[in-house]
Amino acid sequence: MSHEKVQELRWDPTLGEWVMVSNVRELRPWQPHDFCPFCPGSPETGFGWDVLILKNRYPMLSEEPLLPRKYEFYSTASSYGKCYVVIETPKHEIDDISDLNVSEIYKVLEKVKEKYEEEVKDPKTIYFLFFRNKGKEIGVSLTHPHSQIYVLPFIPTKVLRELVNSNKYYSSKKRCLFCDIIDVEKKYRDRIITTTKYWIAFIPFYAHWPFEVHIYPLQHIQTLSQISPELIEDMAKILKKVLCGIKNIFEKPMPYIMVLHQAPIKGKYPFYHMHIEIYGIYRTVGKLKYAAGMETGGGNFTYDSTPEEASQILRNSIERKCIEKLF
Ligand code: ZN
Ligand code: ZN
Ligand code: FE
Numbered sequence: 156m157s158h159e160k161v162q163e164l165r166w167d168p169t170l171g172e173w174v175m176v177s178n179v180r181e182l183r184p185w186q187p188h189d190f191c192p193f194c195p196g197s198p199e200t201g202f203g204w205d206v207l208i209l210k211n212r213y214p215m216l217s218e219e220p221l222l223p224r225k226y227e228f229y230s231t232a233s234s235y236g237k238c239y240v241v242i243e244t245p246k247h248e249i250d251d252i253s254d255l256n257v258s259e260i261y262k263v264l265e266k267v268k269e270k271y272e273e274e275v276k277d278p279k280t281i282y283f284l285f286f287r288n289k290g291k292e293i294g295v296s297l298t299h300p301h302s303q304i305y306v307l308p309f310i311p312t313k314v315l316r317e318l319v320n321s322n323k324y325y326s327s328k329k330r331c332l333f334c335d336i337i338d339v340e341k342k343y344r345d346r347i348i349t350t351t352k353y354w355i356a357f358i359p360f361y362a363h364w365p366f367e368v369h370i371y372p373l374q375h376i377q378t379l380s381q382i383s384p385e386l387i388e389d390m391a392k393i394l395k396k397v398l399c400g401i402k403n404i405f406e407k408p409m410p411y412i413m414v415l416h417q418a419p420i421k422g423k424y425p426f427y428h429m430h431i432e433i434y435g436i437y438r439t440v441g442k443l444k445y446a447a448g449m450e451t452g453g454g455n456f457t458y459d460s461t462p463e464e465a466s467q468i469l470r471n472s473i474e475r476k477c478i479e480k481l482f
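According to our numbering, the sequence shown holds residues 156 to 482 in order.
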């Protein structure tokens, strides 16, 4: 067994995508069982903050990565990048971001936008991925409310596929694919979860996960830097409503993954339209949908209901559990 330190991107020539490989781990200092590193007053957090963005201490990517090694036949690249943790609130005991009020969620989003504007200036970065994993069922060990940011040296595969397809659509129809999706959803309405002045939330016609909600700005914009304070406020409102609804569909809070898809930092992508995607992954009470043989092995999802039925269930959940909490 070799114990050589490896930290590099490896190219999968069969699928045409990067894999981040690292066996570099700082030694985790011993901590008592009930210690929360994200609570106010911990060595890294200090006091006097509402939202805090910290460097992840166990990152996949690094500002001073090891040199990618040379291999016969295969390609590698540098793991240059940054991994941040966004501590969304000093309140440890809160279950989810939807339990914060709109002005608190606003502060989280504003802070992430600020970070984006800072990272855009780094000539070596290509992509800013903001995401949130929720639920111990999907491996989240620290319960203190937090999300994450990966500043990447490549465009994530899923975003790349969206860029390719929306570019094709734009070239042939001279219209934005995402704007056209908004128009058709507004026309038929059966998959719409809720709308605000500036945003629309719906379960896509082609949803992959049981309770998958996409949230699009009605304005055709590409990145976080184009979002005005008014849009952020409205984004906080729609997020609170949708996440509250998702959380309360079943008796047990729904585990979910949330991600922000925006255009890459470098280059012009006028055909792209930024958006949020949320994947609620319970099929029924306490039953996780797995990405198993067909999904992971074959790459295509099976959907055991219809997105239209799921939309109805989610709208009911919002009506029953969330309306009075919103204002
Ligand atoms: Zn805590
Ligand atoms: Zn658009
Ligand atoms: Fe997307």
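Built from N, CA and C at the ideal position, the CB exists for glycine as well. Since the structure is predicted, the reported quantities are computational estimates derived from the model, not experimental observations.
8 angstroms contact criterion, which Ile431 and His369 should meet: CB distance rounded: 7 angstroms
Beta carbon shell of ligand 3 at less than 6 angstroms from a heavy atom: Glu317, His416, His430 and Glu432
Same chain, Cβ closer than 6 angstroms to Val314, neighbours up to 5 away in sequence not counted: His416
Pair within 8 angstroms by beta-carbon distance, Leu284 and Tyr427: no
Nonlocal neighbours in the same chain, by C-beta distance under 7 angstroms from Phe193, ignoring five residues either side: Thr200, Ile242, Leu297, His299 and His301
Rounded separation between Leu398 and Glu159 - CA only: 43 angstroms
For Tyr282, three-class secondary structure by DSSP: strand
heavy atom of ligand 2 below 7 angstroms from Phe333 C-beta: yes
Alpha carbon of Pro372 to alpha carbon of Lys396, nearest angstrom: 15 angstroms
Within 8 angstroms, strictly: CB atoms of Pro410 and Ile433: no
DSSP bridge partner residues for Val241 (one or two, in chain order): Ile208 and Ser302
Bridge partners - Leu415, DSSP secondary structure assignment: Phe285 and Ile431
beta-carbon His375 near ligand 2 non-hydrogen atom, thresh 7 angstroms: yes
Counted within 10 angstroms of its Cβ, other Cβ atoms place Cys477 as buried (16 or more) or exposed: buried
Residue of Arg212, Ala391 and Met449 minimising C-alpha distance to Tyr305: Arg212
As assigned by DSSP and simplified to three states, the class of Met449: helix
Strand pairing of Lys442, partner residues [DSSP]: Thr439
Collapsed DSSP secondary structure at Met175 in the structure displayed: strand
Run of the beta strand (DSSP E) containing Asp167, from where it starts to where it stops: Gln162 to Asp167
Any 3 or more C-beta pairs closer than 8 angstroms across the segment 232-241 and the segment 207-221: yes
Straight-line Cα distance separating Pro245 from Phe202: 9 angstroms
Own chain, CB closer than 6 angstroms to Val179, minus 5 neighbours either side, in chain order: Lys160 and Gln162
Distance CB(Ser177)-CB(Ser233) smaller than 8 angstroms: no
Range covered by the beta strand (DSSP E) that runs through Phe357: Trp354 to Phe357
Which listed residue (Lys266, Thr312, Lys289 and Thr457) has its alpha carbon closest to that of Ile382: Lys266
His428 Cβ short of 7 angstroms to ligand 2 heavy atom set: yes
Endpoints, alpha helix (DSSP H) assigned at Glu265: Val257 to Glu274
Residues that DSSP places opposite Phe366 in a beta bridge: Gly435
Contact test: Cys399 Cβ vs ligand 5 heavy atom, cutoff 7 angstroms: Only ligand 1, ligand 2 and ligand 3 can be found as ligands here, which leaves ligand 5 out of the picture.
Leu297 (DSSP reduced to helix, strand or coil): coil
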